[in-house]
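Numbering (this note's numbering), first residue to last: 12 to 232. For every residue, glycine included, the Cβ atom is placed at its ideal position computed from N, Cα and C. Remember, it's a predicted structure, so these values are computed and weren't measured experimentally.
Structure follows, in structure tokens:
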């Protein structure tokens, strides 16, 4: 119970900071809106074949996430509160709280992005089960990679640049899996993507576990 309370305290702190400023949320939504309009009018995405059209949304989400998710730990270093967290909380609770915050933040962004994208691209959801798995497990994978990478680079000098360099190779297999599942959700329907769903769940589980293990080492340093 103490671990849960400490994790929720970290989550509450980050939520209060974001709700007070709304900077990251508004910035990402503006980026998503600009990216969708750019894709729509320059690539004529609404006239693309259904396959590319269904997977393009994850490219938009990926680069939108890069602009905000790195702040989970980097902001603590910038505000010089990282050492203060070490005094009052254990490493696993800090990481879990940050991960949970990133998950909720990314989930809200993804829901808003898919709502706008489905409307603009005139897509229909053919398989709600594939769509919901893609949305929730994909969000867990994105937030897991972002939280792990942000924790690793939080003590570096050029945090933003290093975060992008380290995270993009980790995001690529995730985006490929999500793009394949998108085809099932928006085009074919049915259960044709079970192998991809299994791989997606495994990827999310591995990144979250690796993040916890890596952060224990960073926390002790």
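Between which two residues does the alpha helix (DSSP H) containing residue i stretch?
i           : result
residue 146 : 139 to 164
residue 27  : 13 to 32
residue 124 : 102 to 132
residue 64  : 61 to 77
residue 197 : Where residue 197 is concerned, there is no enclosing alpha helix (DSSP H), given that its DSSP letter is neither H nor E.
residue 280 : Beyond the ends of the chain as shown, which are 12 and 232, falls residue 280; an answer cannot be given.
What's the gap between the Cα of residue i and the Cα of residue j?
i           : j           : result
residue 228 : residue 177 : 18 Å
residue 132 : residue 51  : 8 Å
residue 55  : residue 215 : 33 Å
residue 226 : residue 62  : 38 Å
residue 105 : residue 180 : 25 Å
residue 237 : residue 99  : This structure gives no information on residue 237, because the portion of the chain shown stretches from 12 to 232.
residue 224 : residue 144 : 26 Å
residue 135 : residue 64  : 12 Å
residue 87  : residue 187 : 32 Å
residue 154 : residue 58  : 31 Å
residue 230 : residue 102 : 6 Å
residue 150 : residue 114 : 6 Å
residue 40  : residue 84  : 21 Å
residue 159 : residue 90  : 19 Å
residue 17  : residue 162 : 18 Å
residue 139 : residue 148 : 14 Å
residue 43  : residue 164 : 25 Å
residue 222 : residue 28  : 23 Å
residue 53  : residue 20  : 45 Å
residue 78  : residue 72  : 10 Å
Taking all protein chains shown into account, do 16 or more other C-beta atoms lie within 10 angstroms of the C-beta of residue i, making it buried, or fewer, making it exposed?
i           : result
residue 45  : exposed
residue 97  : exposed
residue 194 : buried
residue 112 : buried
residue 94  : exposed
residue 213 : exposed
residue 269 : Because the chain is modelled from 12 through 232, residue 269 falls outside the range shown and cannot be assessed.
residue 185 : buried
residue 92  : exposed
residue 15  : exposed
residue 38  : exposed
residue 4   : For the chain, the structure presents residues 12 to 232; residue 4 sits outside this window and is missing.
residue 49  : exposed
residue 110 : buried
residue 207 : buried
Could you check how far apart the C-beta atoms of residue i and residue j are, in whole angstroms? I think they sit under 8 Å.
i           : j           : result
residue 190 : residue 137 : Rounded, the Cβ-Cβ distance is 15 Å, inconsistent with contact.
residue 152 : residue 218 : 6 Å
residue 82  : residue 35  : 6 Å
residue 22  : residue 127 : About 27 Å; that fails the 8 Å criterion.
residue 117 : residue 80  : 7 Å
residue 130 : residue 68  : The pair is not a contact, with the Cβ atoms about 12 Å apart (cut-off 8 Å).
residue 174 : residue 156 : Contact doesn't hold; Cβ gap of about 11 Å is too wide.
Hey, would you say the C-beta of residue i is under 7 Å away from at least one heavy atom of the ligand FMN?
i          : result
residue 85 : Questions concerning the ligand FMN fall outside what the structure shown contains, since it holds no ligand whatsoever.
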